[in-house]
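The next block holds one structure in the form of structure tokens; read it before the comments.
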Amino acid sequence: MTERRGGGLRRPLGPSVAPMRVLVTGGAGFIGSHIVTALIDHGHEPVVLDALLPAAHPTPPTVDGEWIHADVRDREAVVAALRGVDAVCHQAAMVGLGKDFADAPAYVGCNDLGTAVLLAAMAERGVRQLVLAGSMVVYGEGRYDCPRHGRVRPGPRAEADLAAGRFDPRCPECGTSLRPGKVEEDAPVDPRNVYATTKLAQEHLAAAWARSVGGHAVSLRYHNVYGPGMPRDTPYAGVASFFRSALARGEAPTVFEDGGQRRDFVHVRDVAAANVAALEAAAQVVAPSTLTAYNTGSDDPHTVGEMAAALATAFGGPAPVVTGGYRLGDVRHITASSRRIREALGWRAAISFTEGMTAFARAPSARGSEAEESEAEGAEAAGTGLAGACGGRG
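Heads up, the sequence shown is in the UniProt record's numbering, so the first residue is 1 and it goes up one at a time.
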């Protein structure tokens with residue numbers, strides 16, 4: 001099924017940047033819809049392709065600009081959507097951890113087959129510019145330094161340690177406590193679940209496409225994105241949204257482990273601005289036939305406990321309750337160094353942690369009553385990240 005709606009430009013571009021027609025896959029989703037708005041605000045013409053799956057969109061969203069109701073795996077629809085397009089911003093994905101490995105075919109089909117169909121259509125249509133929604137999950141655990149052994153890579157945490165409240169990884173060489181730091185793009189990748197593996201595979205596919213056709217490819221490795229429009233009552237909601245939903249019900253947010261998990265919380269409007277910056281600059285800063293990855297974070301790490309407390313304070317609700325619970329497979333600390341994107345694209349996050357969390361806590365619900373019970377409450381309570389569905393990122 002293909003459905004189109006018209007849209008228009010809002011303000012002229014500067015003299016150095018020509019207006020572009022940009023296909024945004026998953027453009028009705030949480031992040032994608034903000035990218036569409038940012039593109040229009042910067043004088044570009046977005047075309048949205050989104051499957052509008054019920055799991056991510058229980059009610060049809062309002063989408064600015066022209067849009068096509070189709071799955072990114074539908075080759076004919078994708079080829080048609082690329083007509084007259086200058087660049088692609090690929091946000092469509094199925095995200096989250098899933099229930100178990102039985103979900104692997106769905107994740108691979110959505111994320112990797114969908115990306116392959118899109119890239120093949122781009123090759124056919126002669127579109128040579130791609131910005132991909134990457135993810136921090138490709139790194140596994142973040143950066144750690146041992147006083148004796150320098151930079152080390154701890155393995156997954158043992159259940160016995162988690163059950164005993166020993167949440168921080170230790171040096172695999174000597175067992176010493178480690179100092180967490182900011183991960184850079186050249187860090188070894190270590191995807192630890194099916195979703196993470198599919199996100200790394202997307203990057204490999206995009207790199208192969210770039211080499212084959214002489215394209216310019218960028219992967220923006222998103223860290224923990226939050227902000228207005230964040231999914232609330234779907235299986236794809238993130239930890240900030242679960243905390244806010246609990247507060248709206250008059251309940252205290254429940255925080256896993258000891259609340260000390262370090263994350264880089266970045267506002268969705270800043271992420272949208274990063275996508276626009278990458279689209280406008282990729283042909284100049286990314287060499288042909290290559291893919292360049294950029295961490296996309298705030299460069300201002302905070303713990304999950306701090307985030308829960310900030311939301312509770314801004315909302316005027318009960319203080320968070322730290323449960324000591326845990327989920328096997330969650331990483332302890334993962335925070336970003338965004339130096340590369342700052343130096344190459346001139347982008348930096350503009351919305352501070354306090355400003356963003358305060359506004360998020362006080363904003364009206366994106367859909368329905370905040371007091372509604374969430375079927376997926378707690379699924380992302382350890383703060384692992386983003387949310388979406390094949391054809392619409394959250």
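For every residue, glycine included, the Cβ atom is placed at its ideal position computed from N, Cα and C.
Buried/exposed call for Asp112, threshold 16 Cβ in 10 Å: buried
Contact under 9 angstroms by Cβ, Val225 with Gly238: yes
At least three beta-carbon pairs within less than 8 angstroms, the segment 168-187 to the segment 95-110: no
Contacting residues, own chain, Cβ-Cβ under 8 angstroms from Pro258 (five flanking each side not counted): Inspection of the sequence shows that residue 258 is occupied by Asp rather than by Pro. Answer for Asp258: Gly165, Phe167, Gly305, Val322, Gly324, listed in chain order.
His216 vs Arg128 beta-carbon contact at 9 angstroms: yes
Beta carbon of His57 nearer than 9 angstroms to that of Arg21: no
Between the CA atoms of Arg73 and Gln261 - distance to the nearest angstrom: 36 angstroms
According to DSSP, residues forming a beta bridge with Glu257: DSSP output for Glu257 lists no bridge partner at all.
Helix, strand or coil at Arg221 [DSSP, three-state]: strand
Expected contact under 8 angstroms - CB spacing of Met357 and Ala310 to nearest Å: 4 angstroms
Bridge-paired residues (DSSP) for Leu82: Partner(s): none; Leu82 has no beta bridge.
Cutoff 7 angstroms; reference Ala350; Cβ partners in own chain excluding five residues on either side: Asp270
Nearest candidate by alpha-carbon position, reference Asp299, set Arg342, Ala287, Ala120, Ile31: Arg342
Three-state class that DSSP yields for Leu291 in the structure shown: strand
Endpoints, beta strand (DSSP E) assigned at Gly134: 129-135
Chain-order list of residues whose beta-carbon lies under 8 angstroms from that of Glu203 (same chain, five-residue window excluded): Leu132, Gly134, Val138, Ser219, Leu291, Ala293
Alpha helix (DSSP H) runs wholly inside the segment 106-192, at least 4 long, in chain order: 114-125, 159-163
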